[in-house]
Amino acid sequence: MRIPKLEISRFKQVLLAGALITVSHLASAALIVNSLPQSSMVPGGVAIIPTGVDAISGRYKEQRILLANYNEDQYAIIGIPLNAHSGSHQFALELADGQRKLLHFSVEDKVYVEQHITITNERQVNPNSEDMIRITQESSEMNRAFSSWDEDLTPVFTMQVPVKGVRSSSFGLRRYFNGQPRNPHSGMDIAADEGTPIYAPAPGIILTTGNYFFNGNTIILDHGHGLISLYCHMNTIEVEPGTRVDSGTQIGKVGQTGRVTGPHLHWSVNLNNTRVDPSLFLLD
């Protein structure tokens, strides 16, 4: 299979990680885990559904989903988009004999509260045309990273808080910058002094690092099978793409790069290319 050349060199590791596993119908050894995240069947939550079979792959909204065996039963672990409608949702499983099985789960409505933020740099609220070219390129790059799938990594669903600090903004907040509505908050913000160490909350491999218009200095960490985490606004980045890290490995320090009002870490967790509530993965 020919891998297309990318203009952004720091993203090569993401394609190499993802290109090897794009054929979903290939059978693989069952993924066995010793824990599961918390189930929350709301927009931005995680659905944990027993499959009742030994499926080899599954898809929800055209995205590959994580299947794992826990206590001898197989579960589909599905990230629910923040814009998901309430009611019944369907996903498809592929079995070893080539048959498909359709399953359903129900999503409850949830209304997230508003958050109003004042940004002094107007370009970070209303970017100019040159900024938009950069933002579009970065958005495409990050989306491809979040679509990565590493079959060889075993995800750990019970994570440690990546930095000591105060949780200053929760997941899902409906955000207004300078009075203008923008995308909802896709992660957890933890306020801490600049230079405070940031640690990997679970084992994984660094997919990519870089400096982004909104996110500032950023790390994307692959935990395996579509479970991917994001760390933004850092002062320093202390790892390189391809580095394998353990839970508790220092990966950088808190900063205030990108669109911020003060030093903090923005931490996101991704399942099946969907940002979900990081608190569902925390030990405490």
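With the sequence shown counted from 1, adding 2 to any position gets you the numbering used here.
In this text, a Cβ means the ideal position worked out from N, Cα and C, and glycines have one as well.
Please read all numbers here as calculations on a predicted model, not as lab measurements.
For the beta strand (DSSP E) that contains residue i, what are its first and last residues?
| i | result |
| --- | --- |
| W151 | No beta strand (DSSP E) contains W151, which DSSP labels as neither H nor E. |
| T276 | 276-278 |
| P199 | 199-201 |
| N219 | 218-226 |
| D195 | Unbroken run through D195: none, as it is neither H nor E. |
| L155 | Looking at the DSSP string, L155 is not in any beta strand (DSSP E), and its letter there is neither H nor E. |
| V35 | Counting along the chain, V35 falls outside any beta strand (DSSP E), and DSSP gives it neither H nor E. |
| N185 | Careful: N185 lies outside any beta strand (DSSP E) and carries neither H nor E. |
| G254 | 252-256 |
| T211 | 206-214 |
| T263 | Per DSSP, T263 belongs to no beta strand (DSSP E) and is neither H nor E. |
| S171 | 168-171 |
| L175 | Element bounds for L175: n/a, residue is neither H nor E. |
| T238 | 229-239 |
Taking the C-alpha atoms as reference points, what is the distance between residue i and residue j?
| i | j | result |
| --- | --- | --- |
| G60 | F93 | 7 Å |
| R146 | T276 | 12 Å |
| N272 | F216 | 18 Å |
| Q101 | T238 | 49 Å |
| W269 | I51 | 26 Å |
| S281 | N213 | 26 Å |
| G254 | E143 | 21 Å |
| R184 | I119 | 11 Å |
| S88 | Y178 | 24 Å |
| Y72 | V48 | 16 Å |
| L38 | G257 | 31 Å |
| N274 | I79 | 9 Å |
| A21 | E153 | Interpretation of A21 is limited by its pLDDT of 34, a score under 50 that renders its predicted location unreliable; the figure taken from the coordinates is listed afterwards. Going by the C-alpha atoms only, they are around 11 Å apart. |
| G264 | S141 | 23 Å |
| P129 | L104 | 43 Å |
| N219 | M236 | 5 Å |
| H91 | V44 | 11 Å |
| G197 | I221 | 16 Å |
As a quick exercise: from the options, pick the residue whose alpha carbon is nearest that of residue i.
| i | options | result |
| --- | --- | --- |
| V165 | I79, S42, A194 | A194 |
| Y77 | I67, A86, Q162, P83 | I67 |
| E96 | L69, G81, V109, K112 | L69 |
| P199 | E240, G228, N36, L105 | E240 |
| Q182 | L84, V127, E74, T53 | V127 |
| V163 | H235, D224, I192 | I192 |
| G46 | M134, R125, R176 | R176 |
| I121 | N180, H187, I135, E74 | N180 |
I think residue i touches residue j, with their Cβ atoms under 8 Å apart; what is that distance to the nearest whole Å?
| i | j | result |
| --- | --- | --- |
| I208 | T259 | Contact doesn't hold; Cβ gap of about 18 Å is too wide. |
| S171 | Q252 | Not really, about 23 Å apart at Cβ, beyond 8 Å. |
| S131 | D224 | That pair is no contact at about 33 Å. |
| M161 | L84 | At roughly 20 Å, the Cβ-Cβ gap does not stay under 8 Å, so M161 and L84 are not in contact. |
| F173 | I230 | About 16 Å; that fails the 8 Å criterion. |
Please tell me whether, using a cut-off of 7 Å, the distance from the CB of residue i to the nearest non-hydrogen atom of the ligand HEM is below it.
| i | result |
| --- | --- |
| R66 | Within the structure as shown, the ligand HEM is missing, as the structure has no ligands at all. |
Inset, instruction - With a floor of 3 residues, list each beta strand (DSSP E) that falls wholly inside the region 50-134, ordered by position along the chain. - result: 59-62, 68-72, 75-81, 89-96, 102-109, 116-119
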